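Protein sequence lines, in the order shown, are assigned to chains A and B. Each residue of the first sequence is one higher than the one before, starting from 920 at the first, in the numbering used here. Each residue of the second sequence is one higher than the one before, starting from 39 at the first, in the numbering used here.
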Amino acid sequence: MSEIKIPTMAEMAAQGKEPEILFWVGCAGSFDERARKITRDICKILQHVGISYAVLGTEENCTGDPAKRAGNEFLFQMQAMMNIQVLDGYNIKKIVTGCPHCFNTIKNEYPGLGGNYEVIHHTQLIQGLINDGKLKAEGGESFKGKRITYHDPCYLGRGNDVYEAPRAALEILDTELVEMKRCKSNGLCCGAGGAQMFKEPEPGKKDINIERIADVIEAKAQVVAAACPFCMTMLTDGVKNQDKEQEIKVLDIAEITVRANGL
Amino acid sequence: MIAQLIFIIILGVAIYFFGKNVSKIRRNILLGKDTDRNDRPALRWKVMAKIALGQTKMVKRPVAAVMHFFIYIGFIIINLEVLEIMIDGVFGSHRIFAHPLGGLYGFLIGGFEVLAVLVLTACIVFLCRRNVVHLKRFTGAEMTQWPKSDANYILITEILLMTAFLTMNAADYKLQLLHFGHYVTAGSFPVSSLLAPLLPGSASALVITERVCWWFHIVGILCFLNYLPYSKHFHILLAFPNTYYSNLNPKGKFTNMASVTNEVKAMLDPSFVPENTGEPARFGAKDVTDLTWKNLMEAYTCTECGRCTSVCPANITGKLLSPRKIMMDTRDRITEIGNNIDKHGKDFQDDKALLDNYITREELWACTSCNACVEACPVNINPLEIITEMRRYIVMEESQAPASLNNMFGNVENNGAPWKYSQADRFNWADE
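This is the structure we're talking about:
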């Protein structure tokens, strides 16, 4: 992605500029190989529609979400307060995140520690841009005739009642949007939340992502759309486990949007 | 006159014991820590009206919703009949509302009878679901002897009470046709009149039948009232306050522990002086008294319906965690503490706790915090909050988190990310 230069808050500040929105990349978005592609796609979208934005780059830190869900409130609050200092230092008002966990934590839990921002998830950004006519799903890859299903991330759906924004991004494609039997508020977790991503699951009959992939297969979907880097990992592993890599693609809503718009 | 006296004594004793047991439960709930759930009262009334009164969260399972609705509406409306029975019992009258209400009375009795049949149907369907069909939701490791039989006792009692009610009406109807004694023509008996041919013809036998059913019905109700505090059926009362005090925040929002905020602020800024918050609190929950009163109220509200467990991803995939068991364990433990207080005084300590004696660590670590259980509960119970509080205790008081989570904590602390990558590499994605 040599053609675009990713602006940082530090550079902006040096030029005396304040961007309209901060893109909070998150740890997965920074380090996970698959999620990094999604991160760059979110930047492409921001660039394409001409929103002034910046990232924190090396000044960003884990929000503390996995620590908090695992019960380490000390570590969470340490992270939160350091992050709030950085965010307030740059006078940040509005944040877009690529991860529902970062989104939930900054939106809901930072205000209690003095950090007040308007926080949106990247699917909400995309929905807004579609509504404003700035993204049209034209000029790029056609998803015509494909069966697409959407997997609700717990911290976006049940956690914060965001169900429509990601679907809006799929509805403008010329595709067949099918729902899995467990969707929206009944959606089934991918198995990674609550810090499960960082430990082995407890003994049981099977892993949660395998249970979830059965829903995708049952819906006969060719594409399963994700909106969370953890769900992305779990769903991709599930598809591999069932030897369905040829039939089922796992794509983030941002990737689908970028492809459909030929960005 | 003697009958009236006996009735008043039974009524008084029933109300006394019920009041005593309810106040014990209230005391047990208040053993929990304080939490403020009094903001936004208008919204709280709305939530209660929708969820407890309007039963809106029941509809996800239509069969159960319809059957439950029959019992619920039957319970509420047939109470008007119970009011008449109470008045008759105290004053020695018979069908005291019949005369003043006139035609409306017949309509009401007819309505009660139809409801009684609906309640009977629902109870039979429910019994079949539990004992013949063996619905998966009603089995499970925590559904042992008592929780299983509790459900059956409730359903059988309701069947007996409704049968007594209809038989009483049938006898009354026949006596009315005979123009016997004080059994003046009153009420319409659309269902019980069908039962009438099954009853004896002699007036004296009918009077005995009517009286026996009358006493059985009202004494049964009073016994049932006193059974409630020991049973999951207590939800018929607690569903209302429990939904009123619902969590109104987004489900993804966890509480920020104020005691930790003080310590973290002091760490980051040595000049920070925390407000004196009294005795040092324990971090997280080891026992039920470390939970909030709302958590404990939820434990007493739980109907053990298992909707939470049936949607729990950990439980579905065969892990030990069952959100229903978390609530049942919490109730069992707080009841145990309450009984200890009654027997040995309020300072008595047994050497048990909710953690390990009731809930194992394996259960707690299996939770993905996905909120499916919270979403599924028809009365807004939150098992996730209890799980989180117990994790907090294990991590912050005991430092006993699983090793892999300790690695993650270390990475977050040292590298600002849960994985072992250098902070300096965080922006490398931009150059690819």
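Idealized CB from N, CA, C, for every residue including glycine. Every value quoted in this text rests on a predicted model; they were computed, and no experiment measured them.
Between the alpha carbons of LEU1089 of chain A and VAL1015 of chain A lies a gap of roughly 19 Å.
PHE1022 of chain A is classed as buried because its beta carbon has at least 16 other beta carbons within 10 Å across all chains shown. Counting only the Cα atoms, CYS408 of chain B lies some 11 Å from ASN1105 of chain A. Think of a sphere of 7 Å around the beta carbon of GLN1115 of chain A: the chain B residues whose beta carbon falls inside it are THR406, in chain order.
Residue environment analysis places PHE942 of chain A among the buried positions, since at least 16 neighbouring C-beta atoms fall within 10 angstroms of its C-beta. A residue is called buried once 16 or more other Cβ atoms fall within 10 Å of its Cβ, and TYR972 of chain A is buried on that count.
Between ASN333 of chain B and GLU435 of chain B, the C-beta spacing is not below 8 Å. With fewer than 16 other Cβ atoms from the protein chains shown falling within 10 Å of its own Cβ, GLY1181 of chain A counts as exposed.
The C-beta of ARG175 of chain B comes no closer than 8 Å to any C-beta of chain A.
Restricting attention to B:ALA179, B:VAL60, B:ARG133, the CA atom closest to the CA of ASN353 of chain B is found in B:ALA179.
The three-state secondary structure of HIS1040 of chain A, taken from DSSP, is strand. Within 10 angstroms of the beta-carbon of LEU443 of chain B lie 16 or more other beta-carbons, which makes it buried. The Cβ of PHE292 of chain B sits closer than 8 Å to at least one Cβ of chain A.
With respect to chain B, the C-beta atom of GLU1028 of chain A has a partner C-beta closer than 8 Å.
Taking C-beta atoms as the reference points, ASN1010 of chain A and LYS291 of chain B fail to come closer than 8 Å. Under the three-pair Cβ rule at 8 Å, the stretch 963-980 of chain A counts as touching the stretch 1044-1053 of chain A. Residue pairing for VAL1169 of chain A: DSSP places it in a beta bridge opposite A:VAL1143. Only exposed fits ARG78 of chain B, as fewer than 16 other CB atoms lie within 10 angstroms of its CB. For ILE134 of chain B, there is no enclosing beta strand (DSSP E), as DSSP gives it neither H nor E. With the criterion set as a beta carbon lying under 7 Å from some beta carbon of chain B, the members of the stretch 945-977 of chain A are CYS946, SER949, PHE950, ARG955, THR958, ARG959, GLY976, THR977, in sequence order. ASP210 of chain B and LEU244 of chain B have their C-alpha atoms roughly 8 Å apart. The three-state secondary structure of LYS71 of chain B, taken from DSSP, is strand. Taking 4 residues as the shortest admissible run, the stretch 255-305 of chain B contains the following complete alpha helix (DSSP H) segments, listed from N- to C-terminal end: 273-282.
Contact residues of the stretch 450-462 of chain B toward chain A are VAL450, GLU451, GLY454, ALA455, PRO456, TRP457, TYR459, GLN461, ALA462 (C-beta to C-beta distance below 7 Å).
Under the 8 Å criterion on CB atoms, PRO1148 of chain A is classed as non-interfacial with respect to chain B. Taking 7 Å as the cut-off between beta carbons, the residues of the stretch 989-1006 of chain A near chain B are ALA989, GLY990, ASN991, GLU992, PHE993, LEU994, GLN996, MET997, GLN998, MET1000, in sequence order. Counting only Cβ-Cβ distances below 7 Å, ILE925 of chain A has contacts in chain B at ALA468, in chain order. Annotated three-state conformation of ALA1084 of chain A is helix, per DSSP. Note on geometry: alpha-carbon atoms of PHE465 of chain B and GLU301 of chain B lie some 32 Å from one another. The CB of ARG99 of chain B never comes closer than 7 Å to any CB in chain A; the least such distance is about 11 Å. Shown here for VAL155 of chain B: same chain residues with a beta carbon closer than 7 Å to its own, the five before and five after excluded, namely VAL229 in chain order. For the 8 Å CB-CB criterion, PRO279 of chain B and CYS946 of chain A do not form a contact.
With three or more CB-CB distances shorter than 8 Å, the stretch 319-329 of chain B counts as touching the stretch 53-71 of chain B.
No Cβ-Cβ contact shorter than 8 Å links GLY144 of chain B with SER240 of chain B. By the criterion of a C-beta distance shorter than 7 Å, TYR338 of chain B is surrounded in its chain by ILE63, ILE67, PHE272, LEU276, ARG369, once the five residues flanking it on both sides are discounted.
Under the three-state reduction of DSSP output, PHE321 of chain B falls in the coil class, being neither helix nor strand.
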